[in-house]
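Protein chains in written order, with my numbering: chain A, 31 to 186; chain Z, 31 to 186.
For every residue, glycine included, the Cβ atom is placed at its ideal position computed from N, Cα and C.
There are 2 protein chains.
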Amino acid sequence: MRWDRLGREACSVARTLSVIGDRWTLLVLREAFLRVRRFEEFERRLGITRHILAGRLKQLVSEGVMVRIPYQVRPKRYEYRLTPKGLDLHMVLMAIVHWGDLHMAGARGRPKLFKHRACGHLFDPVLSCSVCRGTVTARDVRVLDGPGAPEAASES
Amino acid sequence: MRWDRLGREACSVARTLSVIGDRWTLLVLREAFLRVRRFEEFERRLGITRHILAGRLKQLVSEGVMVRIPYQVRPKRYEYRLTPKGLDLHMVLMAIVHWGDLHMAGARGRPKLFKHRACGHLFDPVLSCSVCRGTVTARDVRVLDGPGAPEAASES
DNA sequence: CACCTTGAGTTCCAAAAGGGAACTTTGCTA
DNA sequence: TAGCAAAGTTCCCTTTTGGAACTCAAGGTG
Numbered sequence: 031m032r033w034d035r036l037g038r039e040a041c042s043v044a045r046t047l048s049v050i051g052d053r054w055t056l057l058v059l060r061e062a063f064l065r066v067r068r069f070e071e072f073e074r075r076l077g078i079t080r081h082i083l084a085g086r087l088k089q090l091v092s093e094g095v096m097v098r099i100p101y102q103v104r105p106k107r108y109e110y111r112l113t114p115k116g117l118d119l120h121m122v123l124m125a126i127v128h129w130g131d132l133h134m135a136g137a138r139g140r141p142k143l144f145k146h147r148a149c150g151h152l153f154d155p156v157l158s159c160s161v162c163r164g165t166v167t168a169r170d171v172r173v174l175d176g177p178g179a180p181e182a183a184s185e186s
Numbered sequence: 031m032r033w034d035r036l037g038r039e040a041c042s043v044a045r046t047l048s049v050i051g052d053r054w055t056l057l058v059l060r061e062a063f064l065r066v067r068r069f070e071e072f073e074r075r076l077g078i079t080r081h082i083l084a085g086r087l088k089q090l091v092s093e094g095v096m097v098r099i100p101y102q103v104r105p106k107r108y109e110y111r112l113t114p115k116g117l118d119l120h121m122v123l124m125a126i127v128h129w130g131d132l133h134m135a136g137a138r139g140r141p142k143l144f145k146h147r148a149c150g151h152l153f154d155p156v157l158s159c160s161v162c163r164g165t166v167t168a169r170d171v172r173v174l175d176g177p178g179a180p181e182a183a184s185e186s
């Protein structure tokens, strides 16, 4: 399989990965959620080379995950911001961070903590069911074919 | 930055990505959650080349995300299964699928649906707060430095 | 017994992607 | 006039993929 075909697979994992399934892209998004907006600051904080960064930002913009908007006119300078579609990736980032906190934290503990503004407490993200609000773990889920499933073979 | 340094960064995103931040790795895990276990079946379902698959599986095993266990002795054959550490990636996969369902679904709709065994309903995954159980979105979260944060500079 | 099949890899080579560093462009500032 | 800053591009060389063929061990088949 070549990556240019990924976005056309009948699988939401594959389609999502066609947008964000790349280390640099996820790291760029991490910074974006921490309110980094400018080319040079992404470069400085990530240690990414400029031409890779330019490519990733261009892709994120073309996918509608970020927008490139001018923040000054003379000379023209642009910054990158998350769109609503990009903000929806928050759950993906939180899930990734949480797994790292559980399984990859160093001796000194977590690098970041999260406070829930609504209740004021430090918290861990928990996946729950939109219907009953109960916790959802791997064994609680049964996977069924949906309307967009491939015809005969079972692909996810 | 080279990838071999990623796992040593003081950031749970970076550390998680050092394990799963690769398209093929995530697709292998998707299949693993759908109960695929054998080398040939991963190959067939993903269209991945054999030597890339071998490398990814070896890495997942060395990270403790999967285990390689024999399922027959003569001739010796092995299969790959998720460990508890691997099963904990479920939230990451669910978050990725859900974003794809929201933003990348084709005209025919979702390829897969999820049923919550506990309540019996088809559901969407929702991220919630471990303390108050309320929904958590990007704007509800305040990020603070934790004990494992880098000294002076602020990196996530 | 000679040969074919299966599962799980490994090896080889050409093509694509990535890392590093220097160069470009536009206008501002000393 | 020179220097600087932000945001990219270009060039070149190294590393990683994709694709296909080859290996190995143990059965099964005629």
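Own chain partners of Z/Val95 with C-beta closer than 8 Å, once the 5 adjacent residues on each side are dropped: Answer for Z/Val95: Val49, Ile50, Leu59, Leu112, Thr113, Lys115, Gly116, Leu119, listed in chain order.
Own chain, CB closer than 6 Å to A/Leu152, minus 5 neighbours either side, in chain order: Take A/Leu152, set aside five residues on each side of it, and the residues of its chain with a beta-carbon closer than 6 Å to its own are Leu143, Lys145, in chain order.
Counted within 10 angstroms of its Cβ, other Cβ atoms place A/Asp34 as buried (16 or more) or exposed: Around the beta-carbon of A/Asp34, fewer than 16 other beta-carbon atoms lie within 10 Å, marking it exposed.
CB contact check: Z/Asp34 to chain A, cutoff 7 Å: It does not: the Cβ of Z/Asp34 has no partner Cβ on chain A nearer than 7 Å.
Z/Ile126 beta carbon near the ligand NAP (any heavy atom closer than 6 Å): Only the bare structure without any ligand can be found here, which leaves the ligand NAP out of the picture.
Coil, strand or helix - Z/Met134 by DSSP: Coil.
Where A/Ala183 falls: helix, strand or coil (DSSP): For A/Ala183, the pLDDT reaches just 41, beneath the cut-off of 50, and the residue's location in the model is therefore unreliable, although a value from the coordinates is still provided. Reduced to three states, the DSSP call for A/Ala183 is coil.
Interface residues of chain A facing Z/Leu57 [CB-CB closer than 8 Å]: For Z/Leu57, the neighbours in chain A by C-beta distance under 8 Å run, in chain order, Val43, Ala44, Leu47.
Z/Leu119, DSSP secondary structure in three states: Looking at Z/Leu119 - three-state DSSP - the assignment turns out to be coil, as it is neither helix nor strand.
Under 7 Å between C-beta atoms of A/Ser160 and A/Val166: With respect to the 7 Å criterion, A/Ser160 and A/Val166 are not classified as neighbours on the basis of their beta carbons.
Close beta carbons around A/Gly37, own chain, < 7 Å, minus the five adjacent residues each side: Cβ neighbours of A/Gly37 within its own chain (closer than 7 Å, five residues either side excluded): Arg45, Ser48.
Any chain A beta carbon closer than 7 Å to Z/Pro114: For Z/Pro114, the answer is no, since every Cβ of chain A falls outside 7 Å of its Cβ.
Assigned secondary structure, Z/Arg68 (DSSP; H/G/I helix, E/B strand, else coil): DSSP places Z/Arg68 in coil when its eight states are reduced to three.
Nonlocal neighbours in the same chain, by C-beta distance under 6 Å from A/Leu57, ignoring five residues either side: Excluding sequence neighbours, A/Leu57 sits near Leu76.
Neighbourhood of A/Thr55 by C-beta distance below 8 Å, restricted to the same chain and skipping five residues each side: Taken in chain order, the residues that qualify are Val49, Arg86, Gln89, Leu90.
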